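Visitor:
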Amino acid sequence: METRPVQDPEATGTLGFPPVGTPKTLAACVGAAIVPGLGHALLGKWDRAAVFFCSIGLMVTIGIWFDGRLWSPDFDGIVAALKFVAEAGAGVFYWIPWLQGAGIGDPTAYTYDYANVFLYVAGLLNMLVIVDVFDIAKGRKP
Amino acid sequence: MKSHFAMMVVFSILTSLVIAFIAKNGARERTRYFLFLLGAFVLLSIVAGWLMYPFPF
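As given, the protein sequences belong to chains A and B, one line each in that order.
Going by the working numbering, the first sequence opens with residue 84, and the numbers climb by one from there.
Going by the working numbering, the second sequence opens with residue 269, and the numbers climb by one from there.
(1) What is the DSSP secondary structure of Lys128/A, counted as helix, strand or coil?
(2) With a threshold of 16 other CB atoms inside 10 Å of the CB of Ser138/A, please say whether the residue is buried or exposed.
(3) With Asn209/A as the anchor, note down where its alpha helix (DSSP H) starts and where it stops.
(4) Kindly indicate if chain B contains any beta-carbon less than 7 angstroms away from that of Pro225/A.
(5) Do you know how far the Cα of Ala171/A is from the Cα of Phe302/B?
(6) Ends of the alpha helix (DSSP H) at Tyr177/A?
(7) Please list the residues of the region 181–205 of chain A that have a C-beta atom closer than 9 angstroms to any C-beta atom in chain B, keeping them in chain order.
(8) So which residues on chain B does Met210/A lean against when the C-beta distance must stay under 8 angstroms?
(9) Please report whether the beta-carbon of Met275/B lies at a distance below 7 angstroms from any beta-carbon of chain A.
(10) With 7 angstroms set as the bound, which would you pick, yes or no: does the beta-carbon of Leu305/B sit closer than that to a beta-carbon of chain A?
(11) Which residues of chain B have a Cβ atom closer than 8 angstroms to the Cβ of Asp215/A, listed in chain order?
(12) For a contact meaning CB atoms closer than 9 angstroms, what does Phe279/B contact in chain A?
(13) Residues of chain A with CB closer than 8 angstroms to the CB of Val286/B, please, in chain order.
(14) For Tyr195/A, which residues in the same chain have their Cβ closer than 8 angstroms to its Cβ, ignoring the five residues on either side in sequence?
(15) Check whether the region 121–130 of chain A touches the region 176–185 of chain A, taking contact to mean three or more Cβ pairs, one atom from each stretch, closer than 8 angstroms.
(16) Verify whether the separation of the beta carbon atoms of Phe201/A and Ile145/A is less than 7 angstroms.
(17) Against chain B, with Cβ distances strictly below 7 angstroms, would Arg131/A count as a contact?
(18) Can you tell me which of the three DSSP states Lys107/A falls into?
See below:
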C-alpha cells in the first residue's frame, strides 16, 4: 500500500488557506500601513476592510474633534516619540490632519485625555490590522 | 459630549469591533465576541473607577 507524507500545516507555514505571493503580501501590508483597511481590500476581504477603515477613521476623527493632540515627529523625548509612533500607525488618518495643522490639542479641554486615547489606540489598532493582513496573505487564517 | 461614560462606551464599541473582526471569523462568532469584549470593557472600567474612587490623587 502506497503511503503519502502528510503535510504539517505548522511546518509549511499555512493552515490550509491559500497564501498569496510575496509582492502581493508586501503590497497589502504597505497598503494597510498607509490606509487602514486597504490591505484587506487588496486581499478581497471587503467586510474587514470596511470595518477597519470606518472604525479607525472614526476614532481619529473623534480624537481630533475632542481636542486631542497629534504629536509631531520631533522626538523631544522617549514618551513624545512613543506617542508619535502610536498615532502615526493610523497612516493617512494621522498624516493628512497633521499636514493640515489640525490636532493642536488643548490640555485644558475637558476631553483632552480621552481624545488622546482615541488617537493612540486608533494607530495601535491599525498595527494589529497590518499583522492580520500579513497572516491572511501567508495563509495562516481565512 | 462631556460625559466620560458616553466616551468610554463609544471607545469600547469601536475598539471591540476592530478586535472582533481581527480575532474571529463568521458573523455569529464575531457578534458574540464583540458583545463579550464590549461588556468586559464597560464593566471593568466601571469596576476600576470604583476601586480608584477612594484614592486622593
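Don't be surprised by glycine CBs; every beta carbon is placed ideally from N, CA and C.
Small disclaimer: the values here were computed from a predicted structure and weren't measured.
Guide: Reading it off the structure:
(1) By one-based count along the first sequence, residue 128/A stands at place 45. Here Lys128/A sits in coil by DSSP.
(2) Mapped onto the first sequence, residue 138/A falls at position 55. Buried, by the Cβ-count rule.
(3) Stepping through the first sequence from its first residue, residue 209/A is reached at position 126. Note, Asn209/A: alpha helix (DSSP H), Tyr195 to Ala220.
(4) Residue numbering aside, residue 225/A sits at position 142 when the first sequence is read from its first letter. So, interface residue.
(5) Against the second sequence, residue 302/B aligns to sequence position 34. Against the first sequence, residue 171/A aligns to sequence position 88. Roughly 26 angstroms separates the two Cα atoms.
(6) Taking the first residue of the first sequence as 1, we reach residue 177/A at position 94. That run of the alpha helix (DSSP H) goes Val175 to Leu182.
(7) Tyr193, Thr194, Tyr197, Ala198, Val200, Phe201, Val204 and Ala205
(8) By one-based count along the first sequence, residue 210/A stands at place 127. What Met210/A touches in chain B: nothing, since even the nearest Cβ is about 11 angstroms away.
(9) Taking the first residue of the second sequence as position 1, residue 275/B is located at position 7. Yes, Met275/B lies at the interface with chain A (some Cβ there is under 7 angstroms from its Cβ).
(10) On the second sequence, residue 305/B is found 37 positions in, with the first residue counted as 1. No - not a single Cβ of chain A is within 7 angstroms of the one on Leu305/B.
(11) In the first sequence, residue 215/A corresponds to position 132, counting from 1. Ordered by position in chain B, the residues that pass the 8 angstroms Cβ test against Asp215/A are Ile290.
(12) As a first step, residue 279/B is located in the second sequence; it is residue number 11 there, counting from the start. Within chain A, the residues near Phe279/B are Met142, Ile145, Tyr197, Val200, Phe201 and Val204.
(13) Here the question's residue 286/B lines up with position 18 in the second sequence. In chain order: Val134, Phe135, Ser138, Ile139, Leu208, Leu211 and Val212.
(14) Indexing the first sequence from 1 puts residue 195/A at position 112. Only Phe149, Asp150, Gly151, Arg152, Gly188 and Asp189 meet the Cβ criterion.
(15) no
(16) Counted from its first residue, the first sequence places residue 201/A at position 118. Counted from its first residue, the first sequence places residue 145/A at position 62. Going by C-beta atoms, Phe201/A is nearer than 7 angstroms to Ile145/A.
(17) Reading the first sequence from its first residue, position 48 is the one you call residue 131/A. Judged by the 7 angstroms Cβ criterion, Arg131/A is in contact with chain B.
(18) Locating residue 107/A in the first sequence gives position 24, counting from the first residue. Helix.
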